[in-house]
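Residue numbers (the numbering used here): 904 to 1129.
Using N, Cα and C, we set each Cβ at its ideal position, and we do this for glycine too.
First the structure, in the form of structure tokens, and then the observations on it.
Right, here's the structure in full:
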């Protein structure tokens, strides 16, 4: 079973950036875990409202585990050592195959610190590392474009609606962006060949992908003895 670990700075970061892909992974048999470095408050005792919102969204998207650290919100640059220690703990629990996190160039200092620390740990502890685009990413140039269906988009919208405490989540804007974001990066002649169900977009940049060749002869021989 493939294990996917998504490390984010704040509650709702994962759902905004890749809610469709999270749902797609779960539907296709992957184990998906989201780890959020803060519960969305400077108070180390946490924010139970936002924690409950995350867990409700996780249930809709098929996320198996949604866990949290107690890093104070908006204070990440003062707690780099704590973040590093938490990340090694999480990675060694899960031994993930694929890791997602924030793009390192961002307007939010918490996102930058998260991306830098996850990158340092992931390149030691996981084969594959991918950055997602957040609303505050700068200079983002995707080399992986995930085209989802209307069903996946509805699942993402439902998950985002769980975050009732976050009044800035504009569903109309997110829906419009999902429908047009790929057109900035994919020539229209390629878009014309997309299947009809591929209508909603999430953008990513691959930092590292490891592919291991399979020995087809050995696989066939093993199968013949089964």
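Below-7 Å beta-carbon distance, residue i vs any chain B residue
{"i": "residue 1029", "result": "In the structure shown, chain B cannot be found, because there is only a single protein chain."}
Rounded C-alpha distance that separates residue i from residue j
{"i": "residue 960", "j": "residue 1076", "result": "19 Å"}
{"i": "residue 1089", "j": "residue 929", "result": "27 Å"}
{"i": "residue 1015", "j": "residue 1003", "result": "14 Å"}
{"i": "residue 933", "j": "residue 1011", "result": "30 Å"}
{"i": "residue 910", "j": "residue 951", "result": "19 Å"}
{"i": "residue 1020", "j": "residue 1057", "result": "32 Å"}
{"i": "residue 912", "j": "residue 1049", "result": "22 Å"}
{"i": "residue 908", "j": "residue 1099", "result": "30 Å"}
{"i": "residue 980", "j": "residue 1052", "result": "38 Å"}
{"i": "residue 906", "j": "residue 965", "result": "13 Å"}
Assigned secondary structure, residue i (DSSP; H/G/I helix, E/B strand, else coil)
{"i": "residue 1001", "result": "strand"}
{"i": "residue 1107", "result": "strand"}
{"i": "residue 911", "result": "strand"}
{"i": "residue 971", "result": "strand"}
Identified DSSP bridge partners for residue i
{"i": "residue 1018", "result": "Bridge partners of residue 1018: none, in fact."}
{"i": "residue 891", "result": "Because the chain here runs from 904 to 1129, residue 891 falls outside it and cannot be looked at."}
{"i": "residue 1009", "result": "1040"}
May I have a chain-ordered list of the alpha helix (DSSP H) segments no shorter than 4 residues that lie completely inside the segment 1025-1089? 1053-1064 and 1074-1083
Tell me, please, whether the segment 1055-1064 touches the segment 1016-1036 by the rule of three or more beta-carbon pairs shorter than 8 Å. no
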